[in-house]
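Worksheet: the structure to be examined is printed underneath.
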Amino acid sequence: GQNIDQPTEMTATEGAIVQINCTYQTSGFNGLFWYQQHAGEAPTFLSYNVLDGLEEKGRFSSFLSRSKGYSYLLLKELQMKDSASYLCALGDMRFGAGTRLTVKP
Amino acid sequence: SQTIHQWPATLVQPVGSPLSLECTVEGTSNPNLYWYRQAAGRGLQLLFYSVGIGQISSEVPQNLSASRPQDRQFILSSKKLLLSDSGFYLCAWGRGVGGRAIETQYFGPGTRLLVL
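As given, the protein sequences belong to chains A and B, one line each in that order.
Counting with our numbering, you get residues 1 to 105 for the letters of the first sequence.
Counting with our numbering, you get residues 106 to 221 for the letters of the second sequence.
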């Protein structure tokens, strides 16, 4: 069996930092993905973590702790265009329900 | 670079009619291919995945089927659509080991299906 949990909605202010958490349970871990999905569009790949630790890509960073079944996506210097849903997925391509982030001026 | 195509972009079909959605990938060989459905305001539901020609794994029992007649072609079909089949259908490809994706996964633009 497998569960992937994320908060349903989050709100943050332009220029701020926001952390979106994802917890999971799986019988076999093969990496964790983060995607961004704007309304009405297909998801776009953001990051992939297979080892513990932090991976940084510009304003976005993703962290993984395999022992805790936990990951987060960190978005810095938020921009209005970052308003989107953020999806956490495991390597067998099962997705969490997504976190809808609203960035306010 | 890799490109993934899906068509049509939008489709309106009556209940009971057949369905065929096509997905093709360029710029890679022997990819893992996936079909997902996303209902309005919901998460992605994995429907089928394929690790090679003629190899299809079904995740959710329903009136849909999938086929992979060529390495870079993945087709989603139904003989008789239901109202509940409405949604956003997304094809994706990824490098993988068995049915699991590693490193990267990319989505096509999707097909929005409305069954009336």
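Glycine included, C-beta positions come from ideal geometry on N, C-alpha and C.
Since the model is a prediction, treat every value here as computed from it, not as a measurement.
Q) Is the shortest distance between the beta-carbon of Arg94 (chain A) and the beta-carbons of chain B less than 7 Å? A) In the first sequence, the residue the question calls residue 94 (chain A) occupies position 94. True, the Cβ-Cβ gap to chain B drops below 7 Å.
Q: List the residues of chain B that Leu64 (chain A) touches, going by C-beta distances under 9 Å, in chain order.
A: Looking up residue 64 (chain A) in the first sequence gives position 64. Near Leu64 (chain A) there are no residues of chain B at all, since even the closest Cβ is about 14 Å away, more than 9 Å.
Q: Measure the beta-carbon distance from Phe60 (chain A) to Leu46 (chain A) and round it to whole angstroms, keeping in mind my assumption that it falls under 8 Å.
A: The residue you call residue 60 (chain A) lines up with position 60 of the first sequence. The residue you call residue 46 (chain A) lines up with position 46 of the first sequence. Contact flag correct, Cβ pair sits at about 6 Å.
**Q.** Sheet register partners of Ala197 (chain B) (DSSP bridge)
**A.** As a working note, residue 197 (chain B) is residue 92 in the second sequence. BP columns for Ala197 (chain B) point to B:Tyr139 and B:Phe212.
Q) Using the beta-carbon of each residue, which ones in chain A are nearer than 9 Å to Gln147 (chain B)? A) On the second sequence, residue 147 (chain B) is found 42 positions in, with the first residue counted as 1. The sequence shown places Arg at residue 147 (chain B), rather than the Gln named in the question. Within 9 Å Cβ-Cβ: Ala97 and Gly98.
(Q) Please report the straight-line C-alpha distance between Asn135 (chain B) and Phe212 (chain B), rounded to a whole angstrom. (A) Sequence index remark: in the second sequence, residue 135 (chain B) carries index 30 (1-based). Sequence index remark: in the second sequence, residue 212 (chain B) carries index 107 (1-based). Roughly 16 Å between the two C-alpha positions.
Q: Only counting runs of 4 or more residues, tell me where the alpha helix (DSSP H) segments fall wholly within the segment 111-194 of chain B, in order along the chain.
A: none
Q: Count the other CB atoms, across all protein chains shown, that sit within 10 Å of the CB of Leu101 (chain A); report buried if there are 16 or more and exposed otherwise.
A: Residue 101 (chain A) sits at position 101 when you count from the first residue of the first sequence. With 16 or more other Cβ atoms within 10 Å, it is buried.
**Q.** Proximity test, Cβ basis, 7 Å: Ala42 (chain A) and chain B
**A.** What you label residue 42 (chain A) is simply residue 42 of the first sequence in a count that begins at 1. So, interface residue.
Q | Interfacial residues, the segment 70-87 of chain A to chain B, with Cβ spacing under 8 Å | A | Leu87
Q) Is Gly157 (chain B) close to chain A, meaning its C-beta is less than 7 Å from at least one C-beta of that chain? A) If you number the second sequence from 1, residue 157 (chain B) lands on position 52. Chain A contact via Cβ: absent.
Q: Could you spell out the range, first to last residue, of the beta strand (DSSP E) harbouring Glu56 (chain A)?
A: Here residue 56 (chain A) refers to the residue found at position 56 of the first sequence. Residues Gly53 to Lys57.
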